[in-house]
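Everything in the sequence shown is counted per our numbering, starting at 9 for the first residue and increasing by one.
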Amino acid sequence: MADSNPRLVAVSNRVGPLSDEGQAGGLVVGLSDALKRRGGVWFGWSGETSKEGTQGEAKTEVQENVEMTTIDMSQEELQGFYYDYANRSLWPLLHYRLDLAEFDRVSDKVYRQVNHRFAVRLMPHLKENDLVWVHDYHFFYMGSELRQAGYKGRLGYFLHIPFCAPEVFSALPASHDIVRALLAYDVIGFQTDTDRCNFVSFCISELGGEKLDEDRVRVGDRTVIAKPFPIGIDAEGYARFAVSPEAGEHEEMLLSMTRDRRNSDGEGAERKLIVGVDRMDYSKGLLERFYGFERLLEDYPENCGSAIFLQVAPLSRSELDAYAELRDELERTAGHLNGRFATLDWTPLQMMTRGFTRKALAGIYRAARVCLVTPLRDGMNLVAKEFVAAQDPEDPGVLILSRFAGALDELKCGCIVVNPYNTDDVAAAMQRALTMPLEERKRRWEAMREAVFTGTAQRWCQSFIDMLETSHHEPAAQTSS
9 MADSNPRLVA
19 VSNRVGPLSD
29 EGQAGGLVVG
39 LSDALKRRGG
49 VWFGWSGETS
59 KEGTQGEAKT
69 EVQENVEMTT
79 IDMSQEELQG
89 FYYDYANRSL
99 WPLLHYRLDL
109 AEFDRVSDKV
119 YRQVNHRFAV
129 RLMPHLKEND
139 LVWVHDYHFF
149 YMGSELRQAG
159 YKGRLGYFLH
169 IPFCAPEVFS
179 ALPASHDIVR
189 ALLAYDVIGF
199 QTDTDRCNFV
209 SFCISELGGE
219 KLDEDRVRVG
229 DRTVIAKPFP
239 IGIDAEGYAR
249 FAVSPEAGEH
259 EEMLLSMTRD
269 RRNSDGEGAE
279 RKLIVGVDRM
289 DYSKGLLERF
299 YGFERLLEDY
309 PENCGSAIFL
319 QVAPLSRSEL
329 DAYAELRDEL
339 ERTAGHLNGR
349 FATLDWTPLQ
359 MMTRGFTRKA
369 LAGIYRAARV
379 CLVTPLRDGM
389 NLVAKEFVAA
399 QDPEDPGVLI
409 LSRFAGALDE
419 LKCGCIVVNP
429 YNTDDVAAAM
439 QRALTMPLEE
449 RKRRWEAMRE
459 AVFTGTAQRW
469 CQSFIDMLET
479 SHHEPAAQTS
489 S
């Protein structure tokens, strides 16, 4: 294929399927659009384990003009690579939870081996002029392994979760190895400028690197581009979802639950819905959110009998102790709160641990007066953007957003910003949101809508590819290892 229009080769832990508008999150939407236009390969884990594992051949299914190529893992690889190193070591560390991070040599070794094997299996599928784009914390070593296997084309990397401060990242025994491996890439993308600055600071303080300009850092013989590329959603597609029949059905169901229940004198308070939608993960600040809602009912008792908080929290990584413990604590806290405040016809806190379709979620967002997105640390958080895209322009809800969410950089123009660790702050923000006049709600929503509909998943993907295409690749022989 001509160098003027190289194929795109995407590498991620899980693969596709290729998506139509609105059907999936930012990664899938952005990559699907680019892969369909350019042609190429989407490569990753099949989601299956097999006895063959390390010996298994790659399997390819062609969708449109894209090769969807996957390989299996052995059970030992899945345990060491995914559960132990990626999610017991890297995930908590990068989310500033050193108290939950576990480090051991065995899982470190398996993680490196899987990165090596994936690179070796990918090599036969690559062409000289391909643009290879590797995604997320599962594949820190992938670029370095591809270079060692002989690939000389352009390599890009995007980290979807935070890159923590150097003093935190340096707690990882392999921190130097990982950052040196990242230097094999030509372009390294982050969600926010804070993440980029943390990476550059580590290169300077720990590896003796030098910042050349706003976007380039040099370590030894390697110069790489390090730049923020905030991911978005398919905003127009999601807005159409919000007025679909399935969304309307869920919206009406929730609105009927929150409509006035008036007494015999015709008096009653409007019931207002607060929603949270998150994977059940300790980084999402769910417990702190529950405490904030309890404080709302304590300090602003006029909300008793009228405010309903619906938390959608699909189970995640239940095999890990930290996640099982979180579920237990959330269920205890919800039970305590409801036992304290509920009446015969009003249950203040409702938690659901099952998933919903994206259209159903759009209806839930549209029915809500308030959406709580209050992670303790998050790379971006697309729930915040989906909530904005789903709103009724004539009666929009209010977004409450953590100062530790990457989405804040784009949405601070209209959200209420909170410190999720400050229970009083969260409660006061909920009260402000519940009582906010319509005109102010409209003004805030319109500002956020502009940001969401401008910074789409498609734009995120294209801006990264444009940067990778124009990057200068230094010979692989100069790559530090």
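Backbone N, C-alpha and C fix where the C-beta goes; we use that ideal spot for every residue, glycine too.
Close Cβ partners of residue i (< 6 Å) along its chain, the five nearest in sequence each way excluded
| i | result |
| --- | --- |
| E306 | none |
| A415 | M388, N389, A392 |
| E218 | R226 |
| L26 | S40, Q71 |
| K323 | Here the sequence assigns Leu to residue 323, which means Lys is not the residue at that position. Only M288, T361 meet the Cβ criterion. |
| E477 | none |
| G30 | Confidence at G30 is low in this model, with a pLDDT of 47, below 50, so its placement is unreliable and the value that follows should be read with caution. Contacts found: D242, G245, Y246, F249. |
| Q470 | none |
| L446 | none |
| Y308 | Q439 |
| V23 | W50, G52, M76, T78 |
| L357 | F317, A342, L345, N346 |
| E56 | D80 |
| F111 | S97, P181 |
| S20 | G52, H143 |
| A18 | L39, W50, W141 |
| F472 | G197, F237 |
Sheet register partners of residue i (DSSP bridge)
| i | result |
| --- | --- |
| Y165 | V142, I196 |
| G284 | Q319 |
| R224 | I233 |
| V176 | Looking at the DSSP assignment, V176 forms no beta bridge with any residue, so it has no partner. |
| R22 | W53 |
| M360 | V320 |
| L16 | G48, L139 |
| W354 | T351 |
| K219 | V225 |
Residues near residue i by beta carbon distance below 8 Å, same chain, minus five either side
| i | result |
| --- | --- |
| E337 | L295 |
| I212 | E218, K219, V225 |
| A182 | D116 |
| T355 | I316, N346 |
| K44 | L26, E72, N73, V74 |
| N271 | Bear in mind that a pLDDT of 36 at N271, under 50, signals an unreliable position, so the model cannot answer this. |
| D203 | L167, P170, F171, P236, G387, G414 |
Outcome for residue i when other beta-carbon atoms lying within 10 angstroms are tallied against a minimum of 16
| i | result |
| --- | --- |
| M131 | exposed |
| M261 | exposed |
| L369 | buried |
| N3 | An answer regarding residue 3 cannot be provided, because it is not within the stretch 9 to 489 covered by the chain. |
| L399 | Here residue 399 is Gln; the residue named in the question, Leu, does not match the sequence. Label assigned to Q399: buried. |
| E310 | exposed |
| R15 | buried |
| Q83 | exposed |
| H146 | buried |
| A179 | exposed |
| T68 | exposed |
| S264 | exposed |
| P174 | buried |
| R377 | buried |
| S326 | exposed |
| P401 | exposed |
| D144 | buried |
| V128 | exposed |
| V122 | buried |
| R490 | Past the edges of the chain, shown from 9 to 489, lies residue 490, and the structure says nothing about it. |
| P491 | Residue 491 is absent from the structure shown; the chain starts at 9 and stops at 489. |
| R113 | exposed |
Cβ-based neighbour list, residue i, same chain, cut-off 7 Å, excluding 5 preceding and 5 following
| i | result |
| --- | --- |
| C172 | L101, L102, Y104, N206 |
| A455 | C421, G422 |
| R440 | I424 |
| S479 | R162, D194, V195, I233 |
| D417 | T200, P238 |
| A330 | L108, Y290 |
Chain D within 8 Å of residue i, Cβ atoms only
| i | result |
| --- | --- |
| Y290 | Of the protein chains in the structure, only one exists, and it is not chain D. |
Q) Which ranges would you report for the beta strand (DSSP E) in the segment 44 to 93 if only whole runs of at least 3 residues count? A) 48 to 57, 67 to 71, 74 to 81
Q: Note down, one range per segment and in chain order, each beta strand (DSSP E) of at least 3 residues found wholly within the segment 376 to 433.
A: 378 to 381, 406 to 410, 424 to 426
Q: Say whether the segment 34 to 44 touches the segment 463 to 470, bearing in mind that this needs 3 or more beta-carbon pairs closer than 8 Å, one atom from each stretch.
A: yes
Q | Three-pair Cβ contact test at 8 Å for the segment 82 to 98 versus the segment 365 to 380 | A | no
Q. Between the segment 47 to 55 and the segment 75 to 90, are three or more C-beta pairs nearer than 8 Å?
A. yes
Q) Is there contact here, the segment 228 to 248 with the segment 185 to 200, by at least three beta-carbon pairs under 8 Å? A) yes
Q: Indicate whether the contact test is met: 3 or more Cβ pairs, each with one atom in the segment 395 to 411 and one in the segment 348 to 368, closer than 8 Å.
A: no
(Q) Below 8 Å, how does it come out for the segment 155 to 164 and the segment 129 to 143: are there three or more Cβ pairs, yes or no? (A) yes
Q. Is the number of C-beta pairs between the segment 426 to 434 and the segment 376 to 387 that are closer than 8 Å three or more?
A. yes
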